[in-house]
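These notes concern the structure reproduced below.
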Amino acid sequence: MKKFARQAIFYIALVGVWQLVAYAKIWPPYLFPSPKSVLDALVSGFADHSFLIAIAVSMRRMLLGYGLSILLGGVLGFSIASSKLLEETVGGLIVSLQSLPSICWLPLAILWFGLTEKAIIFVVVMGSLLSVTISMEAARHQIPKIYSMAGRNLGASGWSLFVNVLLPASLPQLLTGLKQGWAFAWRSLISGEMIFVSLGLGQVLMMGRDLNDMSEVIAVMILIVAIGVVVDVFIFRFIENRLNERWGTGVAA
Amino acid sequence: MKQWIQQFAQGLRFSAAGTVTAGMNGGACWPGTLVDTEAPPPLAPVQAKVWLKGVSQTYKTQNGTPLLALDGIDLKVKPGEFLCIVGPSGCGKSTLLHLIAGLQSASTGEVLVNDEPVKGPGTDRILIFQDLGLFPWLTVRQNVEFGMKMLGLDKKERRERAGRYLRMVHLADFGDSFVHQLSGGMRQRVALARALATEPDVLLMDEPFAALDAQTRDLLHDEVERLWSETGRTIVFVTHNVREAVRLGDRVVLLTFRPGRAKKEFAIDLARPRHIEEPRVATLSGEILEDLRAELNKSLADEYSHEKVR
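Residue numbers (the working numbering), protein chains in the order written: chain A, 68 to 320; chain B, 311 to 620.
What follows is the structure, given as structure tokens:
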């Protein structure tokens with residue numbers, strides 16, 4: 068509770084300083100809006116449903132792109148971990164590609180898929196695919212041998228060994244990569260939407276810029292952060308807690 | 311199923327004689343005389359539950375030189391026998407169990423179970439690993455049900471059987487717990503229940519009680535002995551603890567240090583129940599221990615020699 072109180076005080080103070088700076092009118096309000104006008108922008112954005120629609124559109128793209136990259140990254144990472152040849156070739160490529168911001172794929176994506184939703188989803192996939200792949204590979208390597216031996220001993224093999232033993236055994240390791248993949252996908256999506264306009268939160272943000280409406284820009288920025296936090300707390304932390312409870316890990320943390 | 315195949319085969323033979331063509335109704339309606347006369351020859355009696363025939367196993371070490379772990383092991387385990395294998399660490403005891411379990415295949419020689427060569431893992435031979443290998447992502451009950459799930463048993467039967475075996479190892483109230491919530495002795499019992507639940511012919515145990523305190527181990531000895539006599543399974547039990555072997559086994563086989571060869575065999579004809587602290591167990595252990603000591607010295611000499619090299 069003490070922690071919560073400290074955090075509350077911090078954020079109240081932060082808004083207070085913001086309010087003071089805005090009140091001092093060092094910069095004109097269209098460059099530095101007050102907390103009140105940002106709040107108004109949030110309220111009116113939700114009131115006319117434009118934020119809700121943007122969130123729905125963005126989340127749909129995220130789910131498609133992220134889901135696809137989990138699927139592809141899982142298969143790719145697992146294959147890389149199981150084959151020395153793939154590890155030396157594809158594995159190396161994947162690690163080096165990670166230094167490429169995924170938004171760099173957008174020009175190619177637009178050429179390949181046109182100005183369609185597919186182009187955006189491609190960028191989202193490229194954003195999270197690599198970290199999912201790498202963490203799947205690492206997780207596969209770190210599964211203690213005894214689990215697969217015990218699984219085979221009890222009659223699992225091939226696909227059933229993968230689904231019933233290898234996958235659950237790698238989940239705690241994998242989760243870190245899935246979390247990171249989500250964060251990368253989320254950033255890639257917003258960047259993509261900002262450049263190539265078609266609904267979504269990124270576009271609402273750019274609209275605010277075009278209309279010189281900084282309150283709206285900041286309101287959308289707050290929304291983007293809030294959604295990230297909500298997903299982290301309600302989805303990933305929930306899964307993490309369940310895993311910790313099962314494995315008996317991280318109890319001290 | 312087997313009967314149906316026999317009848318079907320007879321039907322085919324009959325049709326080959328040119329009288330009737332084999333139909334969907336198989337051989338079930340053929341004249342009784344024909345079925346009776348063509349009864350299959352009785353199966354040859356099973357000679358041994360597990361039969362290791364001249365089994366050797368070679369490993370590649372890190373620097374590339376081959377290491378002979380097991381050398382020409384000839385061993386028969388009778389149905390329902392409790393066989394203990396003792397030897398110093400590095401004598402290939404675990405390898406032996408892995409070979410029977412089908413998790414590895416022998417470099418030379420053959421492993422037969424029920425007179426059939428072992429070709430891979432099978433739920434008729436369940437190995438309890440030294441580190442157990444319980445699945446931490448499953449509850450105790452789900453762990454026990456795992457093998458049955460792989461066998462394709464339906465949920466109701468799995469539930470029922472898991473409950474039965476959990477009761478057998480006195481863990482009926484812990485079905486919904488996770489593995490990390492249990493004590494070492496309880497985990498051992500989960501592993502036992504999980505192994506027994508697939509109702510294997512042969513139970514292979516790889517130093518299962520090495521990490522336990524003496525009291526827990528004594529209790530588990532009683533438990534294993536009871537389960538063995540209740541279920542009539544064949545058990546191959548590997549340990550480096552001679553007293554444990556004498557406490558549990560019908561027969562103790564002593565392996566030599568690298569390469570593992572069967573050095574000596576001891577029939578343990580002490581009446582059951584036995585206790586590990588009993589004088590008769592101690593006396594017999596003493597005899598075996600003398601033979602084992604020579605091997606232990608070799609094992610230690612080998613370890614020390616590595617030390618000097620460094």
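Glycine is no exception: its CB is placed at the ideal position from the N, C-alpha and C atoms.
With 16 or more neighbouring CB atoms inside 10 Å of its own CB, C394(B) falls in the buried class. Between G222(A) and L241(A), the alpha-carbon positions lie close to 25 angstroms from each other. Contact check for L197(A) against Q165(A) passes: the beta carbons are separated by less than 8 angstroms. V562(B) has C394(B), F576(B) as its beta-bridge partners, per DSSP. Straight across, the Cα-Cα distance linking D612(B) with D441(B) is about 25 angstroms. Rounded to the nearest whole angstrom, the CA to CA distance from M496(B) to I120(A) is 54 angstroms. Nearest CB-CB separation between Q491(B) and chain A: below the 8 angstroms threshold.
Measuring C-alpha to C-alpha distances from G194(A) to each of N220(A), C171(A), I177(A) identifies C171(A) as the nearest. When the Cα atoms are used, L266(A) and N279(A) turn out to be separated by approximately 18 angstroms. If you draw a straight line from the Cα of W85(A) to the Cα of V190(A), it is about 35 angstroms long.
In this structure, R435(B) and G412(B) form a Cβ contact; the two beta carbons are roughly 7 angstroms apart against a cut-off of 8 angstroms. Distance from the CA atom of L461(B) to the CA atom of T405(B), rounded to whole angstroms, is 26 angstroms. In the DSSP assignment, E420(B) falls within the unbroken beta strand (DSSP E) covering 418-423. Any Cβ of chain A closer than 8 angstroms to the Cβ of M478(B) would place that residue at the interface, and such an atom is absent. For Y214(A), at least one C-beta of chain B is nearer than 8 angstroms to its own C-beta. The continuous stretches of alpha helix (DSSP H) do not include F547(B), which lies in the beta strand (DSSP E) extending over residues 544-549. Secondary structure at V298(A): helix, using DSSP grouped into helix, strand and coil. Residue burial annotation: R309(A) is exposed, with fewer than 16 other C-beta atoms found within 10 angstroms of its C-beta. For the alpha helix (DSSP H) assignment, the uninterrupted runs of no fewer than 4 residues enclosed by the region 116-160 of chain A are, from N- to C-terminal side, 117-149. When only Cα atoms are considered, D464(B) and P510(B) end up about 18 angstroms apart. About 36 angstroms separates the Cβ atoms of P589(B) and D381(B), ruling out a contact at the 8 angstroms cut-off. In this structure A520(B) is exposed. Its beta-carbon is surrounded by fewer than 16 other beta-carbon atoms within 10 angstroms.
By the rule that beta-carbons nearer than 8 angstroms mark a contact, D441(B) touches chain A.
Nearest Cα to Q414(B) within the set N551(B), P376(B), S366(B): S366(B). Taking C-beta separations shorter than 7 angstroms and ignoring five residues to either side along the sequence, R603(B) has no partners in its chain. Three or more pairs of CB atoms, one per stretch, sit closer than 8 angstroms, so the region 131-151 of chain A contacts the region 245-254 of chain A. Chain B has no Cβ within less than 8 angstroms of the Cβ of L233(A). In the DSSP assignment, T368(B) is bridged to L378(B). L537(B) is the residue among R499(B), L537(B), G494(B) whose C-alpha sits nearest the C-alpha of V512(B). Put simply, the region 491-505 of chain B touches the region 437-457 of chain B. At least three CB pairs are less than 8 angstroms apart. Bounds of the alpha helix (DSSP H) holding R309(A) are 304-314. Around the C-beta of M68(A), fewer than 16 other C-beta atoms lie within 10 Å, and the residue is accordingly described as exposed.
With a threshold of 8 angstroms between beta carbons, P446(B) makes contact with chain A. At least one C-beta of chain B is nearer than 8 angstroms to the C-beta of N220(A). For H408(B), the closest C-alpha among the options A358(B), V428(B), L530(B), A577(B) is that of V428(B). When secondary structure is reduced to three states using DSSP, R477(B) falls in the helix class.
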